[in-house]
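Visitor: Numbering (this note's numbering), first residue to last: 26 to 545.
Glycine residues also receive a C-beta, built at the ideal position from the N, C-alpha and C atoms.
On a predicted model such as this, the values are computed, not experimentally measured, just so you know.
One structure, pasted below without further comment.
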């Protein structure tokens, strides 16, 4: 308590006993795939398509942007933002040529003045993943006949600029590599031509753009996608990013063998599911192999893939979009568009609304027109169909997970639980190390009840009253002495999620003179 000595009016700020829980975001996707440029194996947070195109665009063919033959990442990310996505993480995978396990960084060869095929020096970016880096090498006027040549190196990255003058190829403090490496915050210079004759160690003048090594989609292996948790590579690198709620990997179709062998493809999808289940707060959005008929995809789902997970959803068929490279239609996996659609529904209706009966924006056609009868068999085993309806566009017509457990049949139920659990966990961090007594139990119970009441008001919970929609129990019964001695506080919560009206049935009857005969 403060001590007051002088008469007057004083105002004290008293912390509120009510500690509200805020709902977490459910609309952050993660994409693992192939791109012509950008940092390799480095998760990057992207907020819009322009930012993605700038970072992952083709450094050699700028007009192509981030699109490349044999890769679907750019199409998926474009579909994500087109359908309502706002934030995503990108992991560009591939053989980055880094034997030490670290991601390759943008670099540029500085060729010899006498032979452009000979690399005299190399410039390597220190801040991979930021704006493009350019290095300009120019020759300075000589002091006189026979004087050593000196050079100026200008480095530009976004709004940052550096200039180094009086550089030479001789050893010493003015050596090009020595001086730049001692002072630059943007690049380092490698003396890759140190063993060359002096005549060939003279750098050519010009402007050089730093870029990461190109990646051949046909040479990408499953290990590149799977990555490594410890080294933050590939899919494993996403474990360190808490805000992700859905994962997409459209380019794993490159793992399908020419002979129809899908072992590596299914192995990666299994790793995606394991990743989602391990985190407990995200879902894997999966694609079927291309060019499958409904009976083929049903056979693949039941007898080949055999997935059973409440943290995964599968979509069929592939969708047709316009390819910017050829200006012709191209079939792409639908997972990226579906991730954006999930985000759109979250924003307009809430995470409790099933992401179905919604238009797939950007889809101009389908790989196969699934009929009403054909979807019956597919829907039963958790294959969510995308269908075209006359006058209503191309719509997602399924909202099931790949779980055999009826409690977790629907995507929105799983994601609602993820939302509630993550929100409560984030919103009650203040309680750690607080005295474990009745006061704490009451505070936790009130915080959870107030939050769930808001969730119920949003229409996410079933029941005409809060008491019918949820319960929260945190008292001496859930926290007996042995639990308190173990340093734990147990708060038991039950919620009644709303389920989607998947089958809407109208029962009609005709009646004559007050007599009715039932028709159903």
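What did DSSP end up calling residue 368 once you bin it into helix, strand or coil?
Guide: Along the chain shown, one-based indexing puts residue 368 at 343. Here residue 368 sits in helix by DSSP.
Visitor: Tell me whether the beta-carbon of residue 485 lies closer than 8 Å to the beta-carbon of residue 375.
Guide: Counted from its first residue, the chain shown places residue 485 at position 460. Counted from its first residue, the chain shown places residue 375 at position 350. Going by C-beta atoms, residue 485 is nearer than 8 Å to residue 375.
Visitor: Looking at the unbroken beta strand (DSSP E) that takes in residue 311, where does it start and where does it end?
Guide: By one-based count along the chain shown, residue 311 stands at place 286. From DSSP, the beta strand (DSSP E) with residue 311 extends over 308-312.
Visitor: By alpha-carbon positions, which one of 351, 352, 356 and 386 ends up nearest to residue 364?
Guide: By 1-based counting over the chain shown, the position of residue 364 is 339. Residue 386 is the option with its Cα nearest to residue 364.
Visitor: Please list the segments of the beta strand (DSSP E) lying wholly inside the stretch 493-523, counting only runs of 3 or more residues, in order along the chain.
Guide: Residue ranges of uninterrupted beta strand (DSSP E) with 3 or more members, entirely inside the stretch 493-523 and ordered along the chain, are 495-498 and 517-520.
Visitor: What three-state label does DSSP hand residue 126 in the structure shown?
Guide: Here residue 126 corresponds to residue number 101 of the chain shown, with the count starting at 1. Confidence at residue 126 is low in this model, with a pLDDT of 34, below 50, so its placement is unreliable and no value can be given for it.
Visitor: Can you check DSSP and say which residues form a bridge with residue 161?
Guide: As a working note, residue 161 is residue 136 in the chain shown. Looking at the DSSP assignment, residue 161 forms a beta bridge with 179 and 232.
Visitor: Please report the residue range of the beta strand (DSSP E) in which residue 93 lies.
Guide: Taking the chain shown and counting its residues from 1, the one referred to as residue 93 is at position 68. Here residue 93 belongs to no beta strand (DSSP E), and DSSP marks it neither H nor E.
Visitor: What are the start and end residues of each continuous alpha helix (DSSP H) run of 4 or more residues lying completely inside the stretch 387-451, in chain order?
Guide: 397-405
Visitor: Assign residue 205 to one of three DSSP states: helix, strand, or coil.
Guide: The residue you call residue 205 lines up with position 180 of the chain shown. Helix at residue 205.
Visitor: If we ignore side chains and look at the alpha-carbon of each, how far apart do residue 142 and residue 216 end up?
Guide: Taking the first residue of the chain shown as position 1, residue 142 is located at position 117. Taking the first residue of the chain shown as position 1, residue 216 is located at position 191. Residue 142 and residue 216: Cα-Cα distance of roughly 16 Å.
Visitor: Using the Cβ count rule (16 or more neighbours within 10 Å means buried), how would you classify residue 428?
Guide: Against the chain shown, residue 428 aligns to sequence position 403. Counting the other Cβ atoms within 10 Å of the Cβ of residue 428 gives 16 or more, which makes it buried.
Visitor: Between the alpha carbons of residue 279 and residue 226, how many angstroms are there, rounded?
Guide: By one-based count along the chain shown, residue 279 stands at place 254. By one-based count along the chain shown, residue 226 stands at place 201. Residue 279 and residue 226: Cα-Cα distance of roughly 42 Å.
Visitor: Who does residue 356 pair with in a DSSP beta bridge?
Guide: Here residue 356 refers to the residue found at position 331 of the chain shown. Beta-bridge analysis with DSSP links residue 356 to 345.
Visitor: Taking buried to mean at least 16 other C-beta atoms within 10 Å of its own C-beta, is residue 531 buried or exposed?
Guide: The residue you call residue 531 lines up with position 506 of the chain shown. It is exposed - the Cβ of residue 531 has fewer than 16 other Cβ atoms within 10 Å.
Visitor: If you draw a straight line from the C-alpha of residue 127 to the C-alpha of residue 306, how long is it?
Guide: Here residue 127 corresponds to residue number 102 of the chain shown, with the count starting at 1. Here residue 306 corresponds to residue number 281 of the chain shown, with the count starting at 1. With a pLDDT of only 38 at residue 127, under the threshold of 50, the placement of this residue in the model should not be trusted, and no figure is reported.
Visitor: Please name the residue, chosen from 355, 41 and 115, that lies closest to residue 347 on a Cα-to-Cα basis.
Guide: One-based indexing of the chain shown puts residue 347 at position 322. Residue 347 has its Cα closest to that of 355, out of 355, 41 and 115.
Visitor: Between which residues of its own chain and residue 125 is the CB-CB distance below 6 Å, once the five residues before and five after are set aside?
Guide: Along the chain shown, one-based indexing puts residue 125 at 100. Residue placement at residue 125 cannot be trusted, given a pLDDT of 34 that sits under 50; the coordinates are not used to answer.
Visitor: List the whole-angstrom C-beta distance separating residue 272 from residue 55, where the pair is believed to meet the contact cut-off of C-beta under 8 Å.
Guide: For this step, residue 272 is matched to residue 247 along the chain shown. For this step, residue 55 is matched to residue 30 along the chain shown. The Cβ separation is near 5 Å, so the contact holds.
Visitor: If I measure Cβ to Cβ from residue 405 and keep anything under 7 Å in the same chain, skipping five residues before and after, which residues do I get?
Guide: Here residue 405 refers to the residue found at position 380 when the chain shown is read from its first residue. If we look at residue 405 and ignore the five residues flanking it on each side, it has no Cβ neighbours.
Visitor: Determine the DSSP secondary structure at residue 226, reduced to helix, strand or coil.
Guide: Counting from 1 along the chain shown, the entry for residue 226 is found at position 201. Helix.
Visitor: Compute the Euclidean distance between the alpha carbons of residue 123 and residue 264, then round it to the nearest angstrom.
Guide: Taking the first residue of the chain shown as 1, we reach residue 123 at position 98. Taking the first residue of the chain shown as 1, we reach residue 264 at position 239. A caution first: residue 123 carries a pLDDT of 44, below 50, which makes its placement in the model too unreliable to give a value.
Visitor: Look at the Cβ atom of residue 424, then the Cβ atom of residue 380, and state whether they are nearer than 8 Å.
Guide: The count along the chain shown starts at 1 and reaches residue 424 at position 399. The count along the chain shown starts at 1 and reaches residue 380 at position 355. Yes, these two residues count as a Cβ contact at 8 Å.
Visitor: Kindly indicate which three-state DSSP category residue 185 falls into: helix, strand or coil?
Guide: As a first step, residue 185 must be located in the chain shown, where it is residue number 160. It is a strand residue.
Visitor: Report back the beta-carbon spacing between residue 259 and residue 116 to the nearest angstrom; my notes put them in contact at under 8 Å.
Guide: Counting from 1 along the chain shown, the entry for residue 259 is found at position 234. Counting from 1 along the chain shown, the entry for residue 116 is found at position 91. That belief holds up - the Cβ atoms of residue 259 and residue 116 are roughly 6 Å apart, short of 8 Å.
Visitor: Quick check on the DSSP output: what are the complete beta strand (DSSP E) runs of length 3 or more inside the stretch 35-103, in order along the chain?
Guide: 53-58 and 69-71
Visitor: Opposite residue 114 in the DSSP bridges: which residues?
Guide: The sequence position of residue 114 within the chain shown is 89, counting from 1. Per DSSP, 55 and 70.
Visitor: Determine the direct distance from the alpha carbon of residue 298 to that of residue 334, and round the result to whole angstroms.
Guide: Taking the chain shown and counting its residues from 1, the one referred to as residue 334 is at position 309. Taking the chain shown and counting its residues from 1, the one referred to as residue 298 is at position 273. Each residue's alpha carbon lies about 7 Å from the other.
Visitor: How big is the Cα-Cα spacing for residue 135 and residue 151?
Guide: Here residue 135 corresponds to residue number 110 of the chain shown, with the count starting at 1. Here residue 151 corresponds to residue number 126 of the chain shown, with the count starting at 1. Taking the straight line from one Cα to the other gives about 17 Å.
Visitor: Flag this pair as touching only if the stretch 289-303 and the stretch 68-88 have three or more C-beta atom pairs under 8 Å; answer yes or no.
Guide: no
Visitor: Return the CA-CA distance between residue 65 and residue 361, expressed in angstroms with no decimal places.
Guide: Counting from 1 along the chain shown, the entry for residue 65 is found at position 40. Counting from 1 along the chain shown, the entry for residue 361 is found at position 336. Cα-Cα distance, rounded: 20 Å.
Visitor: Less than 8 Å between the C-beta atoms of residue 426 and residue 330, yes or no?
Guide: Here residue 426 corresponds to residue number 401 of the chain shown, with the count starting at 1. Here residue 330 corresponds to residue number 305 of the chain shown, with the count starting at 1. Not a contact, by the Cβ cut-off of 8 Å.
Visitor: Quick check on DSSP: helix, strand or coil for residue 247?
Guide: Here residue 247 corresponds to residue number 222 of the chain shown, with the count starting at 1. If DSSP states are grouped into helix, strand and coil, residue 247 belongs with the helices.
Visitor: Taking residue 322 as part of the alpha helix (DSSP H), name the residues at either end of that continuous run.
Guide: In the chain shown, counting from the first residue as 1, residue 322 sits at position 297. Residues 319-324.
Visitor: If you drop the 5 nearest sequence neighbours on each side, which residues of the same chain put their C-beta closer than 6 Å to that of residue 422?
Guide: The residue you call residue 422 lines up with position 397 of the chain shown. These residues qualify, in order along the chain: 410 and 412.
Visitor: When the Cα atoms are used, what is the spatial distance from residue 315 to residue 340?
Guide: Counting from 1 along the chain shown, the entry for residue 315 is found at position 290. Counting from 1 along the chain shown, the entry for residue 340 is found at position 315. Approximately 11 Å between the Cα atoms of the pair.
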